[in-house]
Amino acid sequence: MVFSSNPLSLSVPDPTFESWLRDSGYLDVIDDHQTAAAAAGSTTSSTSTTTDSTITIPITGFLFGYLVSLFSHLWTLLSLFTLNPFSKLTTNDFSGETPSWTKGFFGDFGSYSFPASVSQARLRVHENVKRYARNYASLFILFFACSLYQLPLALVGLISSLALWDVFRFCSEKWGLDRYPVTQLVLIRIAQLATAIILMWLNVQMALCCALGVSYTVMILHAAFRKLTSVKQPSRGRWK
1047 MVFSSNPLSL SVPDPTFESW LRDSGYLDVI DDHQTAAAAA GSTTSSTSTT TDSTITIPIT
1107 GFLFGYLVSL FSHLWTLLSL FTLNPFSKLT TNDFSGETPS WTKGFFGDFG SYSFPASVSQ
1167 ARLRVHENVK RYARNYASLF ILFFACSLYQ LPLALVGLIS SLALWDVFRF CSEKWGLDRY
1227 PVTQLVLIRI AQLATAIILM WLNVQMALCC ALGVSYTVMI LHAAFRKLTS VKQPSRGRWK
């Protein structure tokens, strides 16, 4: 039976439909589609490789497919550290409520999967950094506190620098340094130099670098492996 073509039907190209999904906020649909497409492609290639290799050399075909998959995964992991995860981050992302740590941030075991391609990893990183910006900021504060706990001298240096500026503010208000801008500027430069010496001498920069490195690595890996979840629920009409 042959159906006649409908002149009112529309054919939307995939790039246009994907662009509409991005603009509408349905990034989870794009993420699921890329994962399913990669799984279907790998299944097809493995099937064809297995069929050909059983006739010729099965071990060589298996090793070749395994090495291709291994290098593909390694390339995806290395590409994560070449991305700029903060390119789409705005100040409004820190003004909302903090997502739930259990259901939103961590999720369950099925909430994670290896990114199928570099483009999918980039999509996940940019979107998850925007969604969980407040969670990542809290983790950085936690890691920085742990670093200060492991380096007591750094904690002493941080407290000393804060106390120095508190004393400077108190003296500035008491002596009325606002009326002497040149003297106030000279004292500010001296206080900045003293703060830099204290921070460098007591290894505060070491604690800060450790916290930045650990929190950045955790953020990149979590954002890349965390599947995108739906943030917009389509409206449903009520049955009468």
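Using the numbering used here, read the sequence shown as starting at 1047 and increasing by one per residue. Don't be surprised by glycine CBs; every beta carbon is placed ideally from N, CA and C.
Applying the 10 Å Cβ sphere with the 16-neighbour rule, what's the burial state of glycine 1142? exposed
Serine 1165 versus serine 1276: straight-line alpha-carbon distance, rounded: 19 Å
I need the DSSP call for leucine 1169, collapsed to helix, strand or coil. helix
Comparing C-alpha positions only, which one of Thr1128, Met1252, Leu1129 and Arg1272 sits nearest to cysteine 1192? Met1252
Segment limits, alpha helix (DSSP H) that includes alanine 1200: Unbroken alpha helix (DSSP H) run through alanine 1200: 1198 to 1221.
Spatial neighbours of aspartate 1224 within its chain, please: CB distance less than 6 Å, with the 5 preceding and 5 following residues excluded, ordered by chain position. none
CB-CB length for leucine 1126 against isoleucine 1266, believed under 8 Å: 5 Å
Short Cβ contact (7 Å threshold) for threonine 1144 with arginine 1170: No. Outside cutoff.
Rounded separation between lysine 1220 and leucine 1239 - CA only: 22 Å
Which term fits serine 1146, buried or exposed, when burial requires 16 or more other beta carbons within 10 angstroms of its beta carbon? exposed
Looking only at its chain, what residues have a beta carbon closer than 7 Å to the beta carbon of leucine 1197, apart from the 5 residues adjacent to it on each side? Spatial neighbours of leucine 1197 in its own chain (CB-CB distance under 7 Å, excluding positions within 5 residues in sequence) are listed in chain order as Asn1249, Met1252 and Ala1253.
Top-ranked residue by Cα proximity to isoleucine 1236, from Phe1216, Leu1258 and Trp1211: It is Trp1211.
Could you check whether isoleucine 1243 and serine 1207 sit closer than 7 Å to each other, using their CB atoms as the reference points? no
Ends of the alpha helix (DSSP H) at tryptophan 1247? Here the alpha helix (DSSP H) through tryptophan 1247 covers 1227 to 1247.
So is arginine 1177 buried or exposed if we call it buried at 16+ other beta carbons inside 10 Å? buried
Between the C-alpha atoms of leucine 1199 and leucine 1116, what's the straight-line distance to the nearest angstrom? 44 Å
For tyrosine 1158, list the residues DSSP reports as bridge partners. Arg1272
Looking at C-alpha atoms only, which residue of Leu1123, Val1175, Cys1217 and Leu1194 is the closest neighbour of serine 1133? It is Val1175.
Backbone secondary structure at leucine 1129 - three-state DSSP: Note: leucine 1129 maps to coil in three-state DSSP.
In angstroms with no decimal places, state the Cα-to-Cα distance between glycine 1150 and methionine 1246. When rounded, the distance between both Cα atoms is 39 Å.
When Val1213, Val1228, Cys1255 and Gly1222 are compared against phenylalanine 1190, the one with the closest alpha-carbon: Cys1255
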